[in-house]
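Under numbering that gives the first Met the number 0, the first residue of the sequence shown is numbered 0, with each subsequent residue one higher.
All C-beta atoms, glycine included, are put in the ideal place defined by N, C-alpha and C.
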Amino acid sequence: MTRLPDSLREEYPFDPKSAEIDGHGYSYIDEGTGSPILMVHGNPTWSFAWRNFVKHFSANHRCLAVDHLGMGLSEKPQDYAYTIEQHISNLCSLIEHLDLKNITLVGHDWGGCIGMGAAGRMPVRFSRFVMMNTAAFRSQEIPFRIALCRIPVLGAVGVRGFNLFAGAAVSQAIEKKDRMTDTIKKGYLFPYDNWANRIAVHRFVQEIPLKESHPTYKTLVDVEAGLSQFTDHPFLLPWGEKDWCFTTNFLDEWEKRFPKADVLRIPDAGHYVFEDAPEIILPRMEEFFSSNPLSVVKSDTPST
C-alpha cells in the first residue's frame, strides 16, 4: 500500500481503509454515516479527486471513495490484468464486502463505466446516479493526444517513463489553472512517481475499446446493455463543457438514454470538473438529493 505524504494530510484529511480484493490491498475512504455515496474515479486520478465531496457530504452521509487497484493508495501489482472487467468485479466485491445498499453512485471518466458496470450487475443495491464527464457506452471519439499514448512501445515510454499522461492532466484537464496549486498537483501525481507505479495508468489507456476485436469491447457492450435498468432512476449529469476528452457529445448520449435526468451544464469547466466547479456541483447535488429522497430497502430484499 502507498503511504500518504504528511504534506497532503490537510488537503486529504482522511484515514483510508483497506480491503483484500482479488488478492491485493484495495484502498478506499469511508467517512461519515447515513445513506452511502459511492464515488468512483477514472484515469489518471484517484480518490483524492473526491476529497471536497467527501468533506462536504460526510456530515450527513456515508461517503466512500475507492482507489482502483494500481491507482492511488491501492497496491500496484506488476503482474495484474488491469482490465475494465476486473475493475468492475473488484468494485462489486467491495460493495458486497461492505454490504452497501441504497447507493448513490458518483462517477467520473472511467469511473462512470466501472460504476455503472457494477450497478448493472447488482441493480437492487443502487438508487441514484451522478455521472460527470464520463461514458458507459461505446464511442469512436478519442482525442489525438490520448491515441498517441496507445502506440506500442512509444506509449509505454511516454506514459510510464515520462509520466506524460498523468503529468499533462494536471494542466490540460482543468480550466481554472489557479486552482491547481502545487499541493493539489502533488496530490494527483505522487502515487504515480515511477515506472512501476504508472502501470495501471497505461493499462487504462490501452483498455479503450474502439474495435469489436478488443478484449474489453464485450465488457463495454454489457455495461451499455445494463443501463436500461435505470431509466426511471434519478440521474444528475453535471458536465464541464470545455472537456476536450468527454465532450458534450457524450452528455447528449446520456440525455438520450436518460431523458428524465437533471442536467447541469457548466460552460467554463473542463474535464476535472470537480476542481473547476465544486461550488456549483455540491449545492446542486444537495438539491438533487432533496428532490429524490431514497426509499427504504427492506431486509428481505435480495442483496445482488
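### Query
Is the Cβ of K176 closer than 9 angstroms to any Cβ of chain C?
Checking the listed chains, one finds no chain C in this structure; it contains a single protein chain.
### Query
What does a CB cutoff of less than 7 angstroms around Y11 pick up in its chain, not counting 5 residues either side in sequence?
Taking the sequence shown and counting its residues from 1, the one referred to as residue 11 is at position 12. Excluding sequence neighbours, Y11 sits near L3, F47, R50 and G186.
### Message
Using the three-state DSSP reduction, which class does A167 fall into: helix, strand or coil?
### Response
Position 168 of the sequence shown, counting from 1, holds the residue named residue 167. Helix, per DSSP.
### Query
Can you check whether the CB of H270 is closer than 9 angstroms to the CB of A172?
Taking the first residue of the sequence shown as position 1, residue 172 is located at position 173. Taking the first residue of the sequence shown as position 1, residue 270 is located at position 271. In this structure, H270 lies closer than 9 angstroms to A172 by Cβ.
### Message
To test your reading of the DSSP string, which unbroken alpha helix (DSSP H) runs of 4 or more residues are found completely within the segment 35-107?
### Response
50-56 and 83-97
### Query
Can you name the start and end residues of the alpha helix (DSSP H) that I280 belongs to?
Within the sequence shown, the letter at position 281 stands for residue 280. Start and end: P277 to S290.
### Query
Who are the Cβ neighbours of V262 in its own chain at under 6 angstroms, not counting the five residues just before and after it?
For the purposes of this step, residue 262 is taken as residue 263 along the sequence shown, with counting starting at 1. Excluding sequence neighbours, V262 sits near L236.
### Message
For I145 and V204, what's the separation of their Cα atoms in angstroms?
### Response
Here the question's residue 145 lines up with position 146 in the sequence shown. Here the question's residue 204 lines up with position 205 in the sequence shown. Using only the alpha carbons, I get a separation of about 7 angstroms.
### Where the beta strand (DSSP E) containing E19 begins and where it ends
By 1-based counting over the sequence shown, the position of residue 19 is 20. K16 to I20 is the span of the beta strand (DSSP E), which, as asked, contains E19.
### Message
What does the alpha-carbon distance come out to for the pair E278 and V39?
### Response
Taking the first residue of the sequence shown as position 1, residue 278 is located at position 279. Taking the first residue of the sequence shown as position 1, residue 39 is located at position 40. Rounded to whole angstroms, E278 to V39 spans 20 angstroms at the Cα level.
### Query
Can you name the start and end residues of the alpha helix (DSSP H) that Y216 belongs to?
Walking along the sequence shown from the start, residue 216 turns up at place 217. Looking at the DSSP string, the run of the alpha helix (DSSP H) that includes Y216 is Y216 to G225.
### Task
Leaving out five residues on either side along the sequence, give the residues of the same chain with a beta carbon under 6 angstroms from the beta carbon of M130.
Numbered from its first residue, the sequence shown carries residue 130 at position 131. Hits under 6 angstroms: G106, G111 and L236.
### Task
Have a look at G22, I183 and F257 and flag the residue whose alpha-carbon is nearest the alpha-carbon of F273.
In the sequence shown, counting from the first residue as 1, residue 273 sits at position 274. The candidate whose alpha carbon is nearest that of F273 is I183.
### Message
Mapping the DSSP letters down to three states, classify D242 as helix, strand or coil.
### Response
Within the sequence shown, residue 242 is the residue found at index 243, counting from 1. Correct three-state label for D242: coil.
### Task
Name, in chain order, the residues that DSSP records as bridge partners for H23.
In the sequence shown, counting from the first residue as 1, residue 23 sits at position 24. Answer by DSSP bridge pairing, in chain order: I20.
#### Entry: Continuous alpha helix (DSSP H) stretch holding D181: start and end
On the sequence shown, residue 181 is found 182 positions in, with the first residue counted as 1. Element bounds for D181: D181 to L188.
### Where F257 sits in the DSSP three-state scheme
As a working note, residue 257 is residue 258 in the sequence shown. Three-state result, F257: coil.
#### Entry: Euclidean distance between Cα positions of P142 and R149
Reading the sequence shown from its first residue, position 143 is the one you call residue 142. Reading the sequence shown from its first residue, position 150 is the one you call residue 149. Approximately 11 angstroms between the Cα atoms of the pair.
### Query
Helix, strand or coil for E30 per DSSP?
For the purposes of this step, residue 30 is taken as residue 31 along the sequence shown, with counting starting at 1. In this structure, E30 counts as strand in the three-state DSSP scheme.
### Message
Using only the alpha-carbon positions, how far apart do I87 and P208 sit?
### Response
In the sequence shown, counting from the first residue as 1, residue 87 sits at position 88. In the sequence shown, counting from the first residue as 1, residue 208 sits at position 209. Approximately 15 angstroms, taken between the alpha carbons.
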